[in-house]
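Right, one structure below, let's go through it.
2 protein chains.
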Amino acid sequence: MSDVGIKDVAARAGVSPGTVSNVLNRPEKVSPATRERVEAAVRELGFVRHGSASTLRAGHSKTIGLSVIDIGNPFFTDVTAGVEEVASSLGYAVILSNSAGSRAKEERNLLVLAEQRVRGVLITPSDEDPARLDRLRKRGISVVLVDHPAHCPDQCSVAVNDVGGGMTAVRHLMDTGARSIVYVTGPLTIRQCLDRRAGAERAFGRPLRVIEMGAMTPRAGQQAAEKLLAEGDLPDAVFCANDLLALGLMRGLTHAGVRVPDDVALIGYDDIDFAAASAVSLTSIRQPTHQLGRVATELLLDECDNPATHAHQQIMFQPELVVRESTR
Amino acid sequence: MSDVGIKDVAARAGVSPGTVSNVLNRPEKVSPATRERVEAAVRELGFVRHGSASTLRAGHSKTIGLSVIDIGNPFFTDVTAGVEEVASSLGYAVILSNSAGSRAKEERNLLVLAEQRVRGVLITPSDEDPARLDRLRKRGISVVLVDHPAHCPDQCSVAVNDVGGGMTAVRHLMDTGARSIVYVTGPLTIRQCLDRRAGAERAFGRPLRVIEMGAMTPRAGQQAAEKLLAEGDLPDAVFCANDLLALGLMRGLTHAGVRVPDDVALIGYDDIDFAAASAVSLTSIRQPTHQLGRVATELLLDECDNPATHAHQQIMFQPELVVRESTR
DNA sequence: CCGGGCCAGAAAAACGTTTCAAATTTGTCC
DNA sequence: GGACAAATTTGAAACGTTTTTCTGGCCCGG
């Protein structure tokens with residue numbers, strides 16, 4: 001049962017190994033009668049193609065790599081689900097690797113992917129350095145950037161318009177009557193945090209008061225609330241760089257007797273599942289995460305399968321405002 | 329740059345291909361002088377081992393498969409992170425597949441894993457049928473069950489004691505003075521929901537009032553709250569089969585003017601990040617998810633690397649009570 | 001000085017597929 | 001019925017490693 005090869009199938013079906021291979025890879029090239037005979041033999045023997053041998057000889061594999069920054073983050077989880085969906089429907093296997101924000105680990109992971117001779121790589125790069133990716137491309141491995149706009153037009157990328165999202169958020173707050181707004185954010189070394197601020201300030205017309213936290217967690221959000229309260233001067237509204245911060249902040253404010261949205265309106269970013277579930281449901285900016293993964297994968301596989309006709313695309317999705325109780 | 333093989337390295341270093349292979353796989357077998365020369369050549373040429381050729385010849389790969397039921401569920405996400413961590417630290421690549429609860433998709437994914445000749449598979453099976461897994465084992469692929477206790481002692485498994493968790497939850501509610509308790513759950517076809525109820529009732533001493541919802545989401549929790557309120561007879565406490573239900577329920581109760589924990593105490597299950605972040609933080613039962621993934625992977629790789637000395641283990645983790653405001 | 005045992009490295013045979021040119025069969029048309 | 005083209009099928013080489021068997025030199029004891 002264990003090691004039936006293509007030869008065994010060939011013997012059983014009374015054909016040559018080459019024909020079995022044809023049945024497997026180009027069924028249309030072989031007459032219906034023999035095809036059926038071979039397929040029967042495959043079933044009877046429980047034959048499973050040896051992927052490595054196939055990859056070795058054919059020169060390309062049926063796997064793609066996915067390198068994300070934080071597998072624990074719901075954003076990437078959703079992206080991953082989209083990737084897995086498309087890849088598996090096309091018969092591709094997805095090798096997952098998590099750089100955990102470490103450049104060294106990312107490098108190691110990319111090496112593993114190169115060894116596995118993946119067909120292509122989907123990556124949310126942990127920094128701007130394009131050298132590693134160029135090296136992959138030199139090896140014939142296609143690369144698509146995920147949640148990161150490409151700088152040069154010679155590669156594909158999918159991203160979400162964070163500047164636009166920031167604008168939408170603040171415009172909405174202003175529409176509900178806010179005159180003073182605070183931006184609570186994670187580290188301003190993160191592109192997303194920066195872009196969202198840029199958009200927010202563009203909508204606001206002038207610089208925003210900013211509270212920068214070291215992390216983007218509920219805990220950090222609660223600390224931000226304390227900071228805000230300590231400063232004394234409560235704004236009309238707060239824009240948080242993600243929902244985790246916003247939920248923590250909401251909790252902090254509520255516990256201090258500040259009412260949301262009556263005293264302070266609040267908007268988050270990402271629209272995670274729990275945004276709708278909190279005591280006062282959270283207005284947020286939704287990103288098409290699942291679609292991000294799907295489209296990135298489609299782009300990658302198109303690049304792999306039709307290198308001749310493939311045109312590189314830099315796709316930018318628009319995020320969407322979801323209004324709930326926290327800004328009413 | 330693209331296709332430098334072991335031969336090129338050998339030529340460059342002035343040795344035979346076999347020696348290069350030895351440097352790569354059993355460095356101790358080759359003299360320090362030549363080893364260094366070969367390593368230099370590897371660096372200079374940017375050689376990357378061709379994983380498929382290696383797998384083909386060596387008969388085993390450096391990849392493992394991970395098949396989960398729902399990649400979007402934070403529980404599995406955490407498990408996945410643990411798996412990735414251990415696997416990548418040992419140089420293994422992880423092929424991720426998502427069965428999305430569909431038996432057919434699980435089957436397809438396992439086939440892909442078999443084609444890739446993964447060394448072993450970590451799987452949260454979508455049903456009880458052991459036939460598929462036996463088939464894998466027949467092919468020499470080790471299998472470790474994740475979040476599912478093994479029935480037979482001839483395989484490894486890691487799981488969390490859901491009966492114990494249910495007991496802990498209800499015992500805690502009773503300790504805080506609850507006399508009447510309702511169990512809000514997802515489909516009772518799910519093993520976890522059943523086990524938790526069993527434990528809960530064992531602690532309670534008699535059957536619990538049960539509200540069974542079709543899903544385990546915040547929305548379902550909110551509907552459960554409506555149901556509870558409609559029935560009129562409010563209990564002292566509610567035990568929810570997971571945190572998503574609990575958060576939805578909390579929101580539903582709060583909006584109806586019922587105070588948590590003053591009117592009704594509330595405990596969830598899973599201790600997701602947001603449990604601590606809600607307006608009234610949620611008491612919950614924490615599962616060692618990350619560790620679940622880590623240990624499962626260690627077990628699997630031990631089984632692969634030391635088949636002789638490996639002893640199958642069925643590990644059962646104990647969940648842990650985390651007390652917060654919703655039961656004070 | 002000689003011979004046996006050892007060690008480092010070499011050479012060649014796999015591993016299981018795919019591919020491609022060549023061979024064979026089938027079909028078509030006069 | 002025969003010739004030619006088209007459609008199938010065959011057979012062997014090749015993909016890049018690992019592994020096993022061998023070879024030649026070296027060390028050491030006798």
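As they're listed, the protein sequences go chains A and B.
First residue of the first sequence: 1, per my numbering; consecutive thereafter.
First residue of the second sequence: 329, per my numbering; consecutive thereafter.
All residues carry an ideal CB built from backbone N, CA and C; glycine is no exception.
Member of the options whose CA lies at the smallest distance from the CA of residue i
| i | options | result |
| --- | --- | --- |
| His640(B) | Ser470(B), Lys390(B), Gly410(B) and Leu572(B) | Ser470(B) |
| Met167(A) | Asp70(A), Leu249(A), His148(A) and Ala200(A) | Ala200(A) |
| Leu540(B) | Phe404(B), Phe532(B), Met502(B) and Leu556(B) | Residue identity check: residue 540(B) is Glu in the sequence provided, not Leu. Per the Cα distances, Leu556(B). |
| Val48(A) | Ala241(A), Asp3(A), Glu226(A) and Asp127(A) | Asp3(A) |
| Gly257(A) | Gly596(B), Ala603(B) and Ala607(B) | Ala607(B) |
| Asp597(B) | Ala604(B), Ser612(B), Thr504(B) and Thr452(B) | Looking at the sequence itself, residue 597(B) is Tyr, so the reference to Asp does not match. When each option's Cα is compared against that of Tyr597(B), the closest is Ser612(B). |
| Arg652(B) | Ala624(B), Arg463(B), Leu594(B) and Asp455(B) | Leu594(B) |
| Leu145(A) | Arg135(A), Ile6(A), Val121(A) and Pro27(A) | Val121(A) |
| Thr189(A) | Phe204(A), Ala246(A) and Glu128(A) | Glu128(A) |
| Asn349(A) | Gly91(A), Arg108(A) and Pro261(A) | Lying outside 1 to 328, the shown extent of chain A, residue 349(A) is not represented and no answer is given. |
| Arg431(B) | Leu424(B), Ala442(B), Thr452(B) and Tyr420(B) | Thr452(B) |
| Asn242(A) | Arg37(A), Val295(A) and Ala169(A) | Ala169(A) |
| Pro187(A) | Asn161(A), Arg171(A) and Gly214(A) | Gly214(A) |
| Arg463(B) | Leu45(A), Glu36(A) and Arg191(A) | Leu45(A) |
| Thr301(A) | Ile64(A), Arg43(A) and Arg37(A) | The residue you asked about is not Thr; residue 301(A) is Leu in the sequence shown. Selected option, being the one with the closest Cα: Ile64(A). |
| Ala624(B) | Gly468(B), Asp475(B), Asp599(B) and Ala603(B) | Asp475(B) |
| Ser126(A) | Gln192(A), Val118(A), Ala277(A) and Ala114(A) | Gln192(A) |
| Met502(B) | Val370(B), Val592(B), Pro355(B) and Val358(B) | Val592(B) |
Residue i to residue j span [Cα, whole Å]
| i | j | result |
| --- | --- | --- |
| Arg465(B) | Arg286(A) | 44 Å |
| Leu56(A) | Arg385(B) | 11 Å |
| Asp601(B) | Lys62(A) | 36 Å |
| Leu572(B) | Met544(B) | 6 Å |
| Val332(A) | Asp336(B) | Shown here, chain A extends from 1 to 328; a query on residue 332(A) therefore has no answer. |
| Gly101(A) | Gly549(B) | 35 Å |
| Gly492(B) | Arg524(B) | 8 Å |
| His50(A) | Gln444(B) | 7 Å |
| Thr176(A) | Arg209(A) | 19 Å |
| Thr309(A) | Ala150(A) | 20 Å |
| Phe404(B) | Thr617(B) | 8 Å |
| Val184(A) | Ala246(A) | 8 Å |
| Glu626(B) | Leu522(B) | 29 Å |
| Val422(B) | Ser395(B) | 10 Å |
| Arg656(B) | Thr327(A) | 30 Å |
| Arg460(B) | Asn634(B) | 24 Å |
| Glu320(A) | Glu39(A) | 49 Å |
| Ile6(A) | Thr34(A) | 15 Å |
| Ser382(B) | Glu434(B) | 28 Å |
| Ser609(B) | Ala553(B) | 18 Å |
| Gly533(B) | Pro546(B) | 29 Å |
| Ala531(B) | Arg499(B) | 6 Å |
| Ala275(A) | Arg119(A) | 37 Å |
| Pro535(B) | Leu424(B) | 40 Å |
With 8 Å as the limit, tell me which residues of the stretch 399 to 416 of chain B have their beta carbon closer than that to any beta carbon of chain A; keep them in chain order. Here the close residues are Ile399, Gly400, Pro402, Thr405, Asp406, Thr408, Ala409, Glu412, Glu413 and Ser416.
Unbroken alpha helix (DSSP H) runs of length 4 or more, entirely within the stretch 518 to 585 of chain B: which are they? 519 to 532, 546 to 559 and 571 to 583
Just checking, does the stretch 147 to 160 of chain A make contact with the stretch 305 to 320 of chain A on the three C-beta pairs under 8 Å criterion? yes
Is the stretch 12 to 19 of chain A close to the stretch 334 to 341 of chain B, with three or more CB pairs under 8 Å? no
May I ask you to verify whether the stretch 392 to 402 of chain B touches the stretch 68 to 85 of chain A, counting CB pairs closer than 8 Å and requiring at least 3? Flag = yes, the stretch 392 to 402 of chain B and the stretch 68 to 85 of chain A touch.
Taking three-plus beta-carbon pairs below 8 Å as touching, is the stretch 21 to 29 of chain A in contact with the stretch 412 to 429 of chain B? Between the stretch 21 to 29 of chain A and the stretch 412 to 429 of chain B, the count of C-beta pairs closer than 8 Å stays below three; the two stretches do not touch.
Touching by the beta-carbon criterion (3+ pairs, under 8 Å), the stretch 558 to 570 of chain B and the stretch 499 to 508 of chain B: Touching, yes.
Can you find at least 3 beta carbon pairs, one from the stretch 542 to 557 of chain B and one from the stretch 576 to 585 of chain B, that sit closer than 8 Å? yes
Contact set between the stretch 234 to 251 of chain A and chain B, restricted to residues whose Cβ is under 8 Å from the partner: Leu244, Leu247, Gly248, Met250 and Arg251
Going along the stretch 115 to 138 of chain A in order, which residues come within less than 7 Å of chain B, judged by CB to CB distance? Glu115, Gln116, Arg117 and Lys138
Fully enclosed by the stretch 402 to 484 of chain B, which beta strand (DSSP E) runs are 3 residues long or longer? 421 to 426, 448 to 451 and 470 to 474
When you check each C-beta in the stretch 91 to 114 of chain A against every C-beta of chain B, which residues fall closer than 9 Å? Gly91, Tyr92, Ala93, Val94, Ile95, Leu96, Ser97, Asn98, Ala100, Lys105, Arg108, Asn109, Leu111, Val112, Leu113 and Ala114
Can you list, in chain order, the residues of the stretch 343 to 357 of chain B whose Cβ is nearer than 7 Å to any Cβ on chain A? none
Within 7 Å of chain A by C-beta, residues of the stretch 358 to 380 of chain B in sequence order: Val376, Arg377, His378, Gly379 and Ser380
Contact residues within the stretch 187 to 218 of chain A, judged by C-beta distance below 9 Å to chain B: Thr217 and Pro218
With 9 Å as the C-beta to C-beta threshold (strictly closer), list the residues of the stretch 275 to 286 of chain A near chain B in chain order. Residues passing the 9 Å Cβ filter: Ala276, Ala277, Ser278, Ala279, Val280 and Ser281.
Note down, one range per segment and in chain order, each beta strand (DSSP E) of at least 3 residues found wholly within the stretch 350 to 401 of chain B. 391 to 396
Check distances from the C-beta atoms of the stretch 283 to 309 of chain A to those of chain B and list, in chain order, the residues that come in under 8 Å. none
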